[in-house]
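Quick note, the sequences are listed as chains Z and Y, same order.
The first sequence: position 206 = 206 (my numbering), numbered continuously.
So the mapping is simple: my numbering equals the position in the second sequence, first residue as 1, plus 1000.
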Amino acid sequence: MPGKKVVITGMGAVTPLGLDVESTWKALCAGTSGVAPITKFDASAFPVRFAAEVKNFDPSLYMDRKLVRRFDGYMHFAYAATAEAMKMAGLDRDAVTAYGPERCGMIIGSGIGGMQSFFEESEAYIRGGHKKVSPFFIPAMIPNMASGMLAIDYNLQAVNFSVSTACATATHSFFTALRLIRAGDADIIVCGGAEGGVNIMSLAGFAAEKAISTRNDEPQKASRPFDRDRDGFVLGEGAGILVLETEESAKKRGAKIIAELAGAGTSCDAYHMTAPRPDGQGAAMAIKNALRDAGCTPESVDYVNAHGTSTPLGDRGEVLAVKSVFGDHARKLRMNSTKSMSGHLLGAAGGLEAIVCVKSIQDGYLHPTINLDNPDEGLDLDFVANSGVSCPVRTAVSNSFGFGGHNASVVIRAYQG
Amino acid sequence: MSEAEVFEKVKEIIIDHLGVDEADVKMEASLVDDLKADSLDTVEMIMSLEEEFQIDIEDSEAESLKTVGDAVRFIAERSGK
């Protein structure tokens, strides 16, 4: 059993459904799809021509104008989501400095980092040789730079690095932050994931892998987790950030405690480069480890926010994992997929989905899994299909699984002082 | 191209790269001390100047450009050739 209680005092999100937590949550509850034809670049020659893009986003609202041009899109999203989370937590540079910057850290990761920057600078090199490569190429591309730069803005001097585990990045960041806070390396850690996911090379790469849906005639119906006719995930982007801290520091600062990050667990499939274990046992181990870490029984879990990407193998493996961990209780709890509407935010997905768990606890409401017209054979849990439901939630689990066989789960609980 | 014309274009590039106010970009302003350009800023700005004026600026030449005026005079002379 863990010693220190770790709580959530701030949340920030930039998603294909909205530019903050509230607008995103409202859109999710209304069953809105964030998927649409790609506008960021000409995708007409691609086998997939739609994605879940962040819309109407102006990075200059969150950073100095000169930084906008130098940073990759994933960093823009990280800045905006961090600004929201810090504000909610009652933290700014002065507050951090007053509290003790050597006790405050940051772990924001990215699955693919500055892929667009890498592409643009490669083009510059091919056009004009090494002299045309920007001095900001490396800083814009490396996935740790959001953490590095934001630490300057907020004066965060304790633990600071990034975790990169593909689509499990944000959840592994929470896992890591939780343990480091318990271990005493910091009192406060701002953490999560950010991804500039919708870019030319990312689309080309995922399309080549045949990992993404090709439902070009009905983009909004393309992300259909657990449905018989699902054919892959929908590329998304954005950021999801939490402020985690000890219960003690939250009380000392007079911060409003939103929920408890009760536990986190991880595992590796050790099975295949990209495919999950068909029996879901790797995923099951991560969930079990998280429950044990949180000191809670499977029966106490009301709600699972699925990784639920809408890939044929992934959804099946996750259902098997949940059945394996929860036994008969798997049929009593509810499990929805945020990605049915948001698309797949890759390394930021677990960030958004942890926030969804908190909102579900706060509002006693579960958003629907949309496009679930015909549940696939054997995928027979309560997926909150197509309309949301009022449901008291005290304990929620969020799952994330990444290429490389990386699995991570977190347990988020209603806070009781 | 006259120095005045060069100055106008250089000013635009400096404002864009360093995020400074137009009023601060004077001929005598030091790039590092007054306009707060760091080493990466300088490299990037030189690249933009090369692009804008279609010239090559060697590293040793770039190091000698301490003020806005240094850059303007250097470019006016180089692009006049």
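Cβ coordinates follow ideal geometry from the N, Cα and C atoms, glycine included.
{"query": "Given this structure, state the Cα-to-Cα distance separating lysine 1009 of chain Y from alanine 140 of chain Z, to the nearest angstrom.", "result": "26 angstroms"}
{"query": "What does the Cβ neighbour count give for threonine 416 of chain Z, buried or exposed, with the cut at 16 atoms within 10 Å?", "result": "Note on residue identity: the sequence assigns glutamine, not threonine, to residue 416 of chain Z. When all chains shown are included, glutamine 416 of chain Z counts as exposed."}
{"query": "Under a CB-based cut-off of 9 angstroms, is arginine 224 of chain Z close to chain Y?", "result": "no"}
{"query": "Under the three-state reduction of DSSP, which class applies to serine 342 of chain Z: helix, strand or coil?", "result": "helix"}
{"query": "Give me the chain Z residues within the contact set of glutamate 1063 of chain Y, using Cβ-Cβ distance strictly less than 9 angstroms, ordered along the chain.", "result": "None at all; the shortest Cβ gap to chain Z is about 15 angstroms."}
{"query": "Check whether the Cβ of serine 122 of chain Z lies closer than 9 angstroms to any Cβ atom in chain Y.", "result": "no"}
{"query": "For a test of the three-state rule: what should DSSP assign to serine 267 of chain Z, helix, strand or coil?", "result": "strand"}
{"query": "If the cut is a Cβ gap below 9 angstroms, which residues of chain Z does glycine 1080 of chain Y touch?", "result": "By Cβ distance, chain Z contributes nothing, its closest Cβ being about 23 angstroms from glycine 1080 of chain Y, past 9 angstroms."}
{"query": "Roughly how many angstroms separate the alpha carbons of glycine 196 of chain Z and histidine 307 of chain Z, rounded to a whole number?", "result": "19 angstroms"}
{"query": "For cysteine 104 of chain Z, which beta-bridge partners are listed by DSSP?", "result": "Z:Ile188"}
{"query": "For a contact meaning CB atoms closer than 7 angstroms, what does glutamate 1044 of chain Y contact in chain Z?", "result": "Ser134, Pro135, Phe136"}
{"query": "According to DSSP, histidine 406 of chain Z sits in a beta bridge with which residue or residues?", "result": "Z:Cys268, Z:Gly402"}
{"query": "My understanding is that serine 349 of chain Z touches serine 400 of chain Z, with C-beta atoms under 8 angstroms, so please give their C-beta distance in whole angstroms.", "result": "Residue identity differs from the one stated: residue 349 of chain Z is alanine in this sequence, not serine. Right, their Cβ atoms sit about 6 angstroms apart."}
{"query": "Given this structure, state the Cα-to-Cα distance separating alanine 409 of chain Z from lysine 359 of chain Z, to the nearest angstrom.", "result": "One point to set straight first is that residue 409 of chain Z is serine, not alanine, in the sequence displayed. Answer to the nearest angstrom: the Cα atoms are 17 angstroms apart."}
{"query": "I think serine 342 of chain Z touches leucine 352 of chain Z, with their Cβ atoms under 8 angstroms apart; what is that distance to the nearest whole Å?", "result": "6 angstroms"}
{"query": "What do you reckon, are the CB atoms on valine 21 of chain Z and alanine 30 of chain Z nearer than 9 angstroms?", "result": "no"}
{"query": "Pick helix, strand or coil for phenylalanine 174 of chain Z, following the three-state DSSP scheme.", "result": "helix"}
{"query": "Report buried or exposed for alanine 1085 of chain Y, applying the criterion of at least 16 other Cβ atoms within 10 angstroms of its Cβ.", "result": "In the structure as shown, chain Y begins at 1001 and stops at 1081. Residue 1085 of chain Y is therefore absent and cannot be evaluated."}
{"query": "Which of the three DSSP states, helix, strand or coil, is assigned to isoleucine 112 of chain Z?", "result": "coil"}
{"query": "Could you pull the start and end residues of the alpha helix (DSSP H) that glutamate 53 of chain Z belongs to?", "result": "Segment: none, glutamate 53 of chain Z is in no alpha helix (DSSP H) and carries neither H nor E."}
{"query": "For alanine 151 of chain Z, collect the residues of the same chain with a Cβ closer than 6 angstroms to its Cβ; drop the 5 residues on either side in sequence, then sort them by chain order.", "result": "Met106, Asn160"}
{"query": "State yes or no: is the C-beta of isoleucine 1055 of chain Y within less than 9 angstroms of the C-beta of arginine 1078 of chain Y?", "result": "yes"}
{"query": "If we define contact as Cβ-Cβ less than 9 angstroms, is leucine 67 of chain Z a contact residue for chain Y?", "result": "yes"}
{"query": "Quick check on DSSP: helix, strand or coil for threonine 24 of chain Z?", "result": "helix"}
{"query": "Sorted by chain position, which residues of the same chain lie with C-beta nearer than 6 angstroms to histidine 172 of chain Z's C-beta, five sequence neighbours on each side aside?", "result": "Val163, Thr165, Ala408"}
{"query": "Name the chain Y residues whose beta carbon is nearer than 8 angstroms to that of aspartate 58 of chain Z?", "result": "The contacting residues do not exist; aspartate 58 of chain Z stays about 16 angstroms from chain Y at best."}
{"query": "Go ahead and pull the three-state DSSP assignment for glutamate 1005 of chain Y.", "result": "helix"}
{"query": "Identify the continuous beta strand (DSSP E) that holds methionine 86 of chain Z and give its terminal residues.", "result": "Careful: methionine 86 of chain Z lies outside any beta strand (DSSP E), inside the alpha helix (DSSP H) at 73–88."}
{"query": "Can you tell me whether aspartate 217 of chain Z is helix, strand or coil according to DSSP?", "result": "coil"}
{"query": "Less than 8 angstroms between the CB atoms is what I'm expecting for isoleucine 370 of chain Z and serine 33 of chain Z, so what's the real figure, rounded?", "result": "6 angstroms"}
{"query": "Helix or strand or just coil, what does DSSP make of glycine 364 of chain Z?", "result": "coil"}
{"query": "Can the beta-carbon of glycine 295 of chain Z be found closer than 9 angstroms to that of glycine 193 of chain Z?", "result": "no"}
{"query": "Any contact of the region 1016–1035 of chain Y with the region 298–316 of chain Z, i.e. 3+ C-beta pairs under 8 angstroms?", "result": "no"}
{"query": "Methionine 1 of chain Z to alanine 80 of chain Z, Cα distance in whole Å?", "result": "Summary for methionine 1 of chain Z: the model assigns pLDDT 42, below 50, so the residue's position carries little reliability, and this model does not support an answer."}
{"query": "Can you pull the chain Y residues whose beta carbon is under 7 angstroms from the beta carbon of aspartate 153 of chain Z, in chain order?", "result": "Correct list: empty, because the minimum Cβ distance to chain Y is about 15 angstroms."}
{"query": "With burial defined as no fewer than 16 other Cβ atoms inside 10 Å of the residue's Cβ, what is the status of histidine 1017 of chain Y: buried or exposed?", "result": "buried"}
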